[in-house]
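**Q**
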Amino acid sequence: MSAFLARTGRHRQRYDEDNFRLVSGCIPYRMTKDDSNVDMENRIEVLMISSPNRSDLVFPKGGWEDDETVVEAACREALEEAGVRGILREIPLGVWEFRSKSRQELCTPEGSCRGFMFALEVTEELDIWPEQKDRNRIWLNVKEAFRLCRYEWMRTALEEFLRVMEEGEELKLKKEIVEPPSITISNVGADGQIMAANCYVKPSNTQHLGLGAICSPWHIPLEGLPLT
């Protein structure tokens, strides 16, 4: 039995000014080859999980609650749904809008959600995790993940993830990236950068973004929102 319990209920759920349910999630990844001569797409694997009572694969995500930051929510969902911890990139990959297909009551009456997605470099895989009985996890190369993504917004998030990783590699080659300090993931820093022992948040040179400051170039019109 897992030592951690998944959060349940909706009493702490955040909604925005449009009454969208706010969701936070991540694309967990690992590097399989340390060779800059190989395309990033062939050097990386991403972790996907099964949906309860459904056959499709998704990335870990869930409700952003009012007692946590958006990055803390992403770390928590990765632990609860996929049983992984790691290093989270502080700047979101983007913000996407979609409708909940299976449990609309968890969102607004219209089923509309707004999701913030991050990149999470996995450093630890737990053998036991809170939602293990309801979810399987599988490592896939990027091409397989694109093929198995059921929803267009997830494929778009994956495309943005790959772009960010490729840009990061270019910066690394130019020696412009500063590696995060060597720390124990279980430690919790007073500055809040290590989130409840779930992951280390890799800081950026950009000031921390609040909800209102995060831009959304991937904004999708309300009419005809994709399902998830």
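Reminder that position 60 of the sequence shown reads as 185 in the working numbering, one-by-one numbering, no gaps.
Glycine included, every Cβ here is placed at the ideal spot set by N, Cα and C.
These figures come from a predicted structure and were not determined experimentally.
1) According to DSSP, simplified to helix, strand and coil, what is residue 189?
2) Determine which residues share a DSSP beta bridge with residue 151 and list them.
3) Between the alpha carbons of residue 146 and residue 197, how many angstroms are there, rounded?
4) Could you pull the start and end residues of the alpha helix (DSSP H) that residue 268 belongs to?
5) Where does residue 210 land, buried or exposed, given buried means 16+ other C-beta within 10 angstroms?
6) Give me the Cα-Cα distance between residue 178 and residue 254, rounded to the nearest whole angstrom.
7) Going by DSSP in three states, residue 335 sits in which element: helix, strand or coil?
8) Are the region 199-210 and the region 273-289 in contact at 8 Å, needing three or more beta carbon pairs?
9) Answer yes if the region 188-203 comes into contact with the region 249-265, meaning at least three C-beta pairs across the two stretches below 8 Å, and no otherwise.
10) To which residues of the same chain is residue 355 closer than 7 Å at the C-beta, ignoring the five residues directly before and after it?
11) Taking DSSP's pairing of strands, which residues face residue 293 in a bridge?
12) Assign residue 196 to one of three DSSP states: helix, strand, or coil.
13) By a C-beta neighbour count over all protein chains shown, 10 Å radius and 16 as the cutoff for buried, is residue 186 buried or exposed?
14) Identify the residues that DSSP records as bridge partners of residue 211: which are they?
15) Quick one: Cα of residue 327 to Cα of residue 273, how far?
16) For residue 296, does the count of other Cβ atoms within 10 angstroms reach 16, so buried, or fall short, so exposed?
17) Quick one: residues in its chain with C-beta nearer than 8 Å to the C-beta of residue 245, no 5 flanking neighbours on either side, listed in chain order?
18) If you drop the 5 nearest sequence neighbours on each side, which residues of the same chain put their C-beta closer than 6 Å to that of residue 275?
19) Between which two residues does the beta strand (DSSP E) holding residue 170 run?
20) Using a Cβ-based criterion (distance less than 7 Å to any ligand heavy atom), does residue 327 qualify as near the ligand NAP?
**A** From the atom records:
1) Here residue 189 corresponds to residue number 64 of the sequence shown, with the count starting at 1. In the three-state reduction of the DSSP assignment, residue 189 falls in the coil class.
2) As a position in the sequence shown, residue 151 is number 26, starting the count at 1. DSSP output for residue 151 lists 243 as bridge partner(s).
3) Indexing the sequence shown from 1 puts residue 146 at position 21. Indexing the sequence shown from 1 puts residue 197 at position 72. Those two C-alpha atoms are separated by around 17 Å.
4) For the purposes of this step, residue 268 is identified with residue 143 of the sequence shown, where counting begins at 1. First-last of the alpha helix (DSSP H) with residue 268: 267-273.
5) Indexing the sequence shown from 1 puts residue 210 at position 85. Looking at its Cβ environment, which holds 16 or more other Cβ atoms inside 10 Å, residue 210 is buried.
6) For this step, residue 178 is matched to residue 53 along the sequence shown. For this step, residue 254 is matched to residue 129 along the sequence shown. A direct Cα-Cα distance of roughly 18 Å separates residue 178 from residue 254.
7) Position 210 of the sequence shown, counting from 1, holds the residue named residue 335. Annotation note: pLDDT 43 at residue 335 (below 50); position unreliable, no value reported.
8) Contact fails between the region 199-210 and the region 273-289, because fewer than three Cβ pairs, one in each stretch, are under 8 Å apart.
9) In short, these stretches do not touch, since the Cβ pair count stays below three.
10) The structure shown has nothing for residue 355, since the chain only spans 126 to 353.
11) In the sequence shown, the residue the question calls residue 293 occupies position 168. Partner residues in a beta bridge of residue 293, as assigned by DSSP, do not exist.
12) Translated into the one-based positions of the sequence shown, residue 196 becomes position 71. Residue state, collapsed to three classes: helix.
13) Here residue 186 is taken as the residue at index 61 of the sequence shown, counted from 1. Residue 186 is buried by the Cβ-count criterion.
14) As a working mapping, residue 211 is identified with position 86 in the sequence shown. Its beta-bridge partners are 247 and 324.
15) For the purposes of this step, residue 327 is identified with residue 202 of the sequence shown, where counting begins at 1. For the purposes of this step, residue 273 is identified with residue 148 of the sequence shown, where counting begins at 1. Here the C-alpha atom of residue 327 lies approximately 29 Å from the C-alpha atom of residue 273.
16) The count along the sequence shown starts at 1 and reaches residue 296 at position 171. Exposed.
17) Position 120 of the sequence shown, counted from the start, is the residue given in the question as residue 245. So the list reads 151, 152, 153, 154, 199, 200, 203, 209, 211, 212, 213, 214 and 324, once near-sequence residues are dropped.
18) Position 150 of the sequence shown, counted from the start, is the residue given in the question as residue 275. Apart from sequence neighbours up to five positions away, the residues of its chain that approach residue 275 with a beta-carbon distance below 6 Å are 181, ordered along the chain.
19) Within the sequence shown, the letter at position 45 stands for residue 170. Unbroken beta strand (DSSP E) run through residue 170: 169-175.
20) Looking for the ligand NAP in the displayed structure turns up nothing, as the structure carries no ligands at all.
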